[in-house]
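Colleague:
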Amino acid sequence: MKEFTPSRVRAIRRALGDWYQANKRDLPWRRTSDPYRVWISEIMLQQTRVAAAIPYYERFLARFPDVAALAATSDDDLLNAWAGLGYYSRARNVRAAAQMIVANGAFPDSYDAIIALPGIGPYTAAAVASICFGLPHAVLDGNVMRVLARLTQEEGDIQSSGTRQRLQQSAQDLLDISNPSNHNQAMMELGAVVCIPREPKCKFCPISKDCRAYSSGLAAELPIKLRRAEIRRVRRTLLVAIRNGNILLWQREQDAAMLGGFYELPEPHQLPEVKTAKLLFEFSHAITNHIYDFHVIAARVGQANSPLQWVRLEQLSALPLSTVARKALAGGKVLP
Ligand code: SF4
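Laid out in C-alpha cells, this is it:
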C-alpha cells in the first residue's frame, strides 16, 4: 500500500484485528472452521443479508449436515431447501461442487483447487481458503471495496476493472498474513457495521486515524459509482405481409456488423405505401441499453422493392431469422 508506511500498515492491521476480536457479531458460521459450512454460508450471503441468511443456513445444514448428504440429494430436495433464496443455478452448482469433493475424497485445501469447484469465484475461494485453511488470500467483496476505497481515498469508478484491480492489490498488501482469517473477517465486518454506505460511523472506526477519506471529509462521497448509461425505450413497428403463400422479408448484408445474413421483417419506413390492417402482437426486446417495444401489424402490400423479397411460407422455418423476427412471427401465429 503505497499510501502508508510499513509501520502504519502494521498499525492498521493490529487495530482491525483487535477491534474484530472485541466487537464481532456472534453468527452461526463464525462458530466453525469447517470448510463445508463456511462455503455454504458464503454462497448464501451473496444472495441475502445476514439476518435473513441465518434461518436458511440452519435449515440447509440440518437437512444436509455434510458434503456427502448434499452430493447425494435429489433435484426436488435441493430446490426445496434453497426455495426463497433465488438463483437456483447456484444451488445446482453447490451440489455439483459437493459431488466433486466427495469424488476427490476431501474438501480441497488450496486456493487453486477451491476456485476450480463449480460456482466458486475469487471472493468465495479467498474466504474459504483464509477462514478454513489460514491461507494468505485477501477477500474483496462490496463491503471490503468500500472500506479500502475510503481508507486509500480511491476516486476511480468502483465498477471499473482498473479500480477493482487497485483495490484488490490494496487488500492483498494490507492482509495480515499472520492471521488471514481474522483479518479478512475484520475487513468484512467493518464494512458491514461501521464503514457503511452513505453515513459511515467514523467515530467508532478503529482505523479512522489512518483513513484518507475521513481526514479529507470525503468519507460519505466514496466510493465513486458512476451511473450506467441510461436505458432508452424505443417503440417500433414490424409488418407481417402475406400474399399468395409468400411473406415479405429482407436479409441483412452478410458482412453487416450485427446479425449479418439474418432475415428480418420490414418496418413502415421501408414500405411507405403500406396499408395496415390489424395489430397481431406486441412484445419487448432488450438490446444493450435499449428496450424496444415492438408492435407487430398485419399489412397489405402492393409493390415491394429490393432488398425486400417474397419468401415462401414453407421455407420460413429453414431460414436464419433474427430473434426479433422469430418472436414476432411466433407471437403473430405465423410460425409455430
Ligand atoms: Fe470507513 Fe470512516 Fe473508518 Fe474511514 S474512518 S474506514 S470512512 S468508517
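With the numbering used here applied, the sequence shown corresponds to residues 168 to 503, in that order.
All C-beta atoms, glycine included, are put in the ideal place defined by N, C-alpha and C.
1. For Y278, verify whether its CB is less than 8 Å away from any heavy atom of the ligand SF4.
2. For A495 and L405, which I take to be in contact (beta-carbon distance under 8 Å), what is that distance rounded to the nearest angstrom?
3. State buried or exposed for G288, treating a residue as buried only when at least 16 other CB atoms are found within 10 Å of its CB.
4. Nearest-angstrom Cα distance between Q266 and A235?
5. Under a Cβ-count criterion, where at least 16 other Cβ atoms within 10 Å of its own Cβ denotes burial, should G358 be classed as buried or exposed?
6. Who does D193 pair with in a DSSP beta bridge?
7. Is V361 close to the ligand SF4? I mean its beta-carbon at under 8 Å from any heavy atom of the ligand.
8. Quick check for students: name the residue ranges of the alpha helix (DSSP H) that lie wholly in the segment 338–425, counting only runs of 4 or more.
9. Report buried or exposed for S451, applying the criterion of at least 16 other Cβ atoms within 10 angstroms of its Cβ.
10. Quick check on M425: buried or exposed, where buried means 16 or more other Cβ atoms within 10 Å of its Cβ?
11. Less than 8 Å separating the Cβ of I391 from some heavy atom of the ligand SF4?
12. Which one or two residues does DSSP pair with H457 in a beta bridge?
13. From which residue to which residue does the beta strand (DSSP E) around W479 run?
14. Taking only three categories from DSSP, how would you classify L334?
15. Classify R216 as helix, strand or coil using the three-state DSSP reduction.
16. CB-CB under 6 Å to P390, same chain, minus the five flanking residues each way: which ones, in chain order?
17. Under 8 Å: do the segment 245–256 and the segment 207–226 share three or more Cβ pairs, one atom per stretch?
Modeller: Quick look at the numbers:
1. Checking every heavy atom of the ligand SF4 against the Cβ of Y278, none is found closer than 8 Å.
2. Confirmed, Cβ separation roughly 5 Å.
3. So G288 ends up on the exposed side.
4. In a straight line, the C-alpha of Q266 is about 8 Å away from that of A235.
5. Around the CB of G358, 16 or more other CB atoms lie within 10 Å, so the residue is classed as buried.
6. In DSSP, D193 forms no bridge with anything.
7. Because some heavy atom of the ligand SF4 lies under 8 Å away, the Cβ of V361 counts as near it: yes.
8. Complete alpha helix (DSSP H) runs here, min 4: 347–360 and 379–382.
9. Looking at its Cβ environment, which holds fewer than 16 other Cβ atoms inside 10 Å, S451 is exposed.
10. Looking at its Cβ environment, which holds fewer than 16 other Cβ atoms inside 10 Å, M425 is exposed.
11. For the ligand SF4, not one heavy atom lies less than 8 Å from the Cβ of I391.
12. According to DSSP, H457 bridges with R399 and I454.
13. The amino acid occupying residue 479 in the given sequence is Arg; Trp does not appear at that position. Start and end: L475 to R479.
14. DSSP places L334 in the helix class (H, G or I) of the three-state scheme.
15. Note: R216 maps to coil in three-state DSSP.
16. R313, A316 and I325.
17. Yes: the two stretches touch, three or more of their Cβ pairs being nearer than 8 Å.
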